[in-house]
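**Q** First the structure, then my questions, so here it is.
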Amino acid sequence: AATAPGKKITARLKRTLPVRGPQAPTLSELMRWYCLNTNTHGCRRIVVSRGRLRRLLWILLTLSAVGLILWQCAELLMNYYSASVSVTVQFQKLPFPAVTICNINPYKYSAMKEYLSELDKETKKALETFYGFSEGKSKVRRSVDEWNSTGSEFFQQIPLLKVEDFSRMATDLHSGQKRKIEGSVFHKDSSIVNSGDSNDIIGFQLCDANNSSDCALYTFSSGVNAIQEWYKLHYMNIMAQIPLETKEKLSYSADDLLLTCFFDGLSCDKRHFTRFHHPLHGNCYTFNSGENGTILSTSTGGSEYGLQVVLYIDEADYNPFLVTSTGAKIIVHDQNEYPFIEDIGTEIETAAATSIGMHFTRSRKLSKPYSDCTETGADIPVENLYNKSYSLQICLHSCFQKAMVQSCGCAQYAQPLPAGAEYCNYKKNPNWMYCYYRLHEKFVKEQLGCQQICKDACSFKEWALTTSIAQWPSTVSEDWMLRVLSWDKGQKLNKKLNKTDLANLMVFYKDLNERFISENPANTLVILLSNFGGQLGLWMSCSVVCVIEIVEVFFIDSLSIVMRRQWQKAKKWWNDRKRGSSGKAPQASDVERQGHDNPVCIDEDLPTFTTALRLPLPQDSPLPRTPPPNYSTLRLETAFTEQLPDTLELGQH
């Protein structure tokens, strides 16, 4: 009860004092109130400093400090989303990877001749016409006669051309006639090396079947490249029409390819290999594929404890126009990965021992927001056509194949078939070659969007390979070794194998050190907040409470003041409109009285009678006059409902 009169006086003075702080009527008054009451000393010094020069200096210092804070905080944010790389090396028993082996020649040429007879005749005719090459006059002449009697319309539509570069005139291989080349010219190599005549180049022309005037001429740096590319184009068309079961029979069996096998010092055979048919490489065989649920491992490094195989290449049965090198291709990969032999395969030389040492590395990257990688590929809008774990190559090939089906109406032969699609061939899709080349050109130029959609995998395994080659078999051991291998092959002793038909391959771990490379966040949330606090304290002597205060004043209070001002304007406009319609004059009570900041009073100080007397008078108000005496106001009981204790004591005395 003793403090009741003081509370009443405080409440009465607050009602008469101007509105301050968050309830200030204008933004300028709010900012002034903030600068006087904030804990950031720079803002306060701007208001209380006397003299323009000193105030200008404090403004520059405060703005510089704010700029430094923003810069340092931006750096901290960027560092927060960066990652550091840690490498862990441990020695343990390692699982052996899958090793896929393919003969460079996909199909036995002796078995394929009946399917490729017309294409081979046309190719031989091109060699004779352009370069004067022949296997004998009578033989070539018979082949040409047979071609003229059983010629293919598709070879006539897409013949090889000998182009005069400057005149854009071309000699047609099939008819021997010259014609003018129209349309665009695409050079498939970085530079043009003239073949034959210094002004002539070799290529072929593809035209849109629906628009004969829309054509493109593809030229090459040499006749070898031109003939091979043209041959492969027609070769894929022929192979797309042969059933898979037939192609598997035309290719090499495990008994044909594998002569001897050892793993981890023990003998192995074809039962340890799984057949895998590749569209471009025929039958391939994967060692340790894991299809039966068992993955082999090795407990010791070194060539004696890896995979050792002797391969039978059979160079004499190679297709002379399809492949120009001899040997095998291998790829080391995880059991759940698809072996892209054509992209990253390693070639194995014949008549040589090839040793491939491996280092195993597992890598893991952080996904968003640290990097743009995918965990499983489920977030990529591209169907996985390979039924293997996601990889960037699988995504790119699948994306192109889907675009091929959508644009050309059929699938490209070298990649898996999407559901409901079929491979392109001349009979059903006469326009597929032109469409394929145009689409592939867009793919290379990244105009299909596949490179933008597909992402790297966050987790992957890698086997770093180190290859060394030695002559094999040696001169002194060549005779007996070839005879023994011939016997194992089931041939007669007097007809031994040729060493150019054999290749020796060894794949092994150089050591059993598994390297694990992982990305970890360079900064945690705790470190980020600590760094923010350090920067705010260093440049602005500010804490978390200060930050909350800034958010409250500059965002919440400022917004409320702006909204209140807009509401007052709208309300005044509405009242003026109502008065105008009713014809009444505005009353004095309708004029809005706005508070203002009073530098005399401070919020944290209790109001006194002296501060109340120093309050400025409202504008446009008459000067106060001395009122007539009213002695009844001197009675305390009329001013206060409750009497103070000290007055009671005075009254008793």
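If you use the working numbering, the sequence shown corresponds to residues 278 to 930, in order.
Using N, Cα and C, we set each Cβ at its ideal position, and we do this for glycine too.
(1) Alpha carbons only, please: which of Glu614, Gln612 and Tyr589 is nearest the one belonging to threonine 603?
(2) Going by alpha carbons, who is nearest to phenylalanine 793 out of Tyr408, Arg842, Ser640 and Val600?
(3) Keeping to the same chain, check which residues put their C-beta closer than 6 Å to that of alanine 388; ignore five residues upstream and five downstream.
(4) Closer than 7 Å by C-beta to tyrosine 582: which residues in its own chain qualify, once you throw out the five before and the five after it? Chain order, please.
(5) For glutamate 592, which residues of its own chain have a beta-carbon under 6 Å away from its beta-carbon, when the five flanking residues on both sides are left out?
(6) Assuming threonine 563 and valine 376 are in contact, meaning their beta carbons sit under 8 Å apart, how far apart are those beta carbons, in whole angstroms?
(7) Are the CB atoms of alanine 680 and cysteine 727 nearer to each other than 9 Å?
(8) Using the three-state DSSP reduction, which class does valine 343 fall into: helix, strand or coil?
(9) Less than 9 Å separating the beta-carbons of leucine 536 and valine 587?
(10) Looking only at DSSP bridge pairs, what is histidine 511 linked to?
(11) Helix, strand or coil for histidine 558 per DSSP?
(12) Given a cut-off of 9 Å on the beta-carbon distance, is the pair phenylalanine 550 and asparagine 790 in contact?
(13) Between tryptophan 939 and threonine 496, what straight-line distance do the alpha-carbon atoms span, to the nearest angstrom?
(14) In this structure, what does DSSP give as the bridge partners for tryptophan 740?
(15) Under a three-way DSSP split, which group does isoleucine 794 fall into?
(16) Between the beta-carbon of isoleucine 504 and the beta-carbon of histidine 558, is there less than 9 Å?
(17) How would you call tyrosine 690, buried or exposed, if buried means at least 16 neighbouring beta carbons within 10 angstroms?
(18) With 16 other CB atoms within 10 Å as the buried threshold, where does serine 566 fall?
(19) What does the alpha-carbon distance come out to for the pair isoleucine 608 and tryptophan 507?
(20) Apply the 10 Å Cβ neighbour rule to glutamate 660 and answer buried if 16 or more other Cβ atoms are within range, or exposed otherwise.
(21) Across which residues does DSSP place proline 616 in a beta bridge pair?
(22) If you draw a straight line from the alpha carbon of serine 644 to that of threonine 653, how long is it in whole angstroms?
(23) Throw me the rounded Cβ distance for the glutamate 626 and isoleucine 746 pair, which I believe falls under 8 Å.
(24) Could you tell me how far apart the beta carbons of leucine 483 and tyrosine 711 are, in whole angstroms, since I believe they sit closer than 8 Å?
(25) Can you check which of these residues, Trp850, Leu806 and Ser859, is closest to glutamine 349 by C-alpha distance?
(26) How would you write the range of the beta strand (DSSP E) that glutamate 624 sits in, first residue to last?
(27) Buried or exposed for serine 407, going by 16 or more other Cβ atoms inside 10 Å?
(28) Can you tell me whether DSSP reads glycine 480 as helix, strand or coil?
(29) Output the distance between the C-alpha atoms of lysine 787 and serine 580, rounded to the nearest integer angstrom.
(30) Leucine 782 and glutamine 585 - do their beta-carbons sit closer together than 9 Å?
(31) Mind checking which residues open and close the beta strand (DSSP E) that includes threonine 537?
(32) With respect to the beta strand (DSSP E) encompassing phenylalanine 598, which residues constitute its N-terminal and C-terminal limits?
(33) Could you tell me which residues DSSP puts in a beta bridge with asparagine 488?
(34) My output table needs one value for serine 574: the three-state DSSP class, helix, strand or coil.
(35) What does DSSP give as the partner residue(s) for phenylalanine 564 in the beta ladder?
(36) Taking only beta-carbon positions, decide if isoleucine 608 is within less than 9 Å of chain E.
**A** On the basis of the coordinates in this document:
(1) Locating residue 603 in the sequence shown gives position 326, where the first residue counts as 1. The shortest C-alpha separation from threonine 603 is found at Tyr589.
(2) Working through the sequence shown from its first residue, we reach residue 793 at position 516. Measuring from the Cα of phenylalanine 793, the nearest candidate turns out to be Ser640.
(3) To locate residue 388, count along the sequence shown from 1; it is residue 111. So the list reads Leu527, once near-sequence residues are dropped.
(4) Within the sequence shown, residue 582 is the residue found at index 305, counting from 1. Once the five neighbours on either side are set aside, the close Cβ partners of tyrosine 582 are Asp541, Gly542, Thr575 and Phe785.
(5) For this step, residue 592 is matched to residue 315 along the sequence shown. Cβ neighbours of glutamate 592 beyond the five flanking positions: Thr603, Thr777 and Asp778.
(6) As a position in the sequence shown, residue 563 is number 286, starting the count at 1. As a position in the sequence shown, residue 376 is number 99, starting the count at 1. Yes, threonine 563 and valine 376 are in contact; Cβ-Cβ is about 7 Å, under 8 Å.
(7) Residue 680 sits at position 403 when you count from the first residue of the sequence shown. Residue 727 sits at position 450 when you count from the first residue of the sequence shown. Taking 9 Å as the Cβ cut-off, alanine 680 and cysteine 727 qualify as a contacting pair.
(8) Counting from one through the sequence shown, the residue named residue 343 turns up at place 66. Of the three classes helix, strand and coil, the one that applies to valine 343 here is helix, per DSSP.
(9) Sequence index remark: in the sequence shown, residue 536 carries index 259 (1-based). Sequence index remark: in the sequence shown, residue 587 carries index 310 (1-based). Their beta carbons are under 9 Å apart, which means leucine 536 touches valine 587 by this criterion.
(10) One-based indexing of the sequence shown puts residue 511 at position 234. Paired residue(s): none; histidine 511 is not in a bridge.
(11) Within the sequence shown, numbered from 1, the residue matching residue 558 stands at position 281. The answer is coil: DSSP assigns histidine 558 none of H, G, I, E or B.
(12) Here residue 550 refers to the residue found at position 273 when the sequence shown is read from its first residue. Here residue 790 refers to the residue found at position 513 when the sequence shown is read from its first residue. No, Cβ-Cβ distance for phenylalanine 550 and asparagine 790 is not below 9 Å.
(13) Absent from the model: residue 939. The displayed extent of the chain is 278 to 930, so no value can be given.
(14) Here residue 740 is taken as the residue at index 463 of the sequence shown, counted from 1. Phe637, per the DSSP bridge assignment.
(15) On the sequence shown, position 517 is the one that residue 794 refers to. Isoleucine 794: strand per DSSP, three-state reduction.
(16) Here residue 504 corresponds to residue number 227 of the sequence shown, with the count starting at 1. Here residue 558 corresponds to residue number 281 of the sequence shown, with the count starting at 1. Cβ atoms of isoleucine 504 and histidine 558: not closer than 9 Å.
(17) As a position in the sequence shown, residue 690 is number 413, starting the count at 1. Tyrosine 690 comes out buried.
(18) For the purposes of this step, residue 566 is taken as the residue at position 289 of the sequence shown. Serine 566 should be labelled buried.
(19) Here residue 608 is taken as the residue at index 331 of the sequence shown, counted from 1. Here residue 507 is taken as the residue at index 230 of the sequence shown, counted from 1. When rounded, the distance between both Cα atoms is 28 Å.
(20) Within the sequence shown, numbered from 1, the residue matching residue 660 stands at position 383. Per the 10 Å Cβ criterion, exposed.
(21) The sequence position of residue 616 within the sequence shown is 339, counting from 1. In the DSSP output, where bridge partners are listed per residue, proline 616 has none listed.
(22) Counting from 1 along the sequence shown, the entry for residue 644 is found at position 367. Counting from 1 along the sequence shown, the entry for residue 653 is found at position 376. Answer to the nearest angstrom: the Cα atoms are 11 Å apart.
(23) The count along the sequence shown starts at 1 and reaches residue 626 at position 349. The count along the sequence shown starts at 1 and reaches residue 746 at position 469. Confirmed, Cβ separation roughly 6 Å.
(24) For the purposes of this step, residue 483 is taken as the residue at position 206 of the sequence shown. For the purposes of this step, residue 711 is taken as the residue at position 434 of the sequence shown. At roughly 4 Å, the Cβ-Cβ gap stays under 8 Å, so leucine 483 and tyrosine 711 are in contact.
(25) One-based indexing of the sequence shown puts residue 349 at position 72. Nearest C-alpha to glutamine 349: Leu806.
(26) For this step, residue 624 is matched to residue 347 along the sequence shown. First-last of the beta strand (DSSP E) with glutamate 624: 623 to 625.
(27) The residue given as residue 407 occupies position 130 in the sequence shown. Before going on, a small fix: residue 407 reads as phenylalanine here, not serine. Label assigned to phenylalanine 407: buried.
(28) In the sequence shown, residue 480 corresponds to position 203, counting from 1. Glycine 480: strand per DSSP, three-state reduction.
(29) Here residue 787 refers to the residue found at position 510 of the sequence shown. Here residue 580 refers to the residue found at position 303 of the sequence shown. Each residue's alpha carbon lies about 8 Å from the other.
(30) To locate residue 585, count along the sequence shown from 1; it is residue 308. To locate residue 782, count along the sequence shown from 1; it is residue 505. Taking 9 Å as the Cβ cut-off, glutamine 585 and leucine 782 qualify as a contacting pair.
(31) Within the sequence shown, residue 537 is the residue found at index 260, counting from 1. Threonine 537 -> beta strand (DSSP E) spans 535 to 540.
(32) As a first step, residue 598 is located in the sequence shown; it is residue number 321 there, counting from the start. Careful: phenylalanine 598 lies outside any beta strand (DSSP E) and carries neither H nor E.
(33) Looking up residue 488 in the sequence shown gives position 211. Asp485, per the DSSP bridge assignment.
(34) Here the question's residue 574 lines up with position 297 in the sequence shown. Three-state DSSP puts serine 574 in a strand.
(35) Indexing the sequence shown from 1 puts residue 564 at position 287. DSSP output for phenylalanine 564 lists Val376 and Phe550 as bridge partner(s).
(36) The chain labelled as chain E is not found in the depicted structure, where only one protein chain is given.
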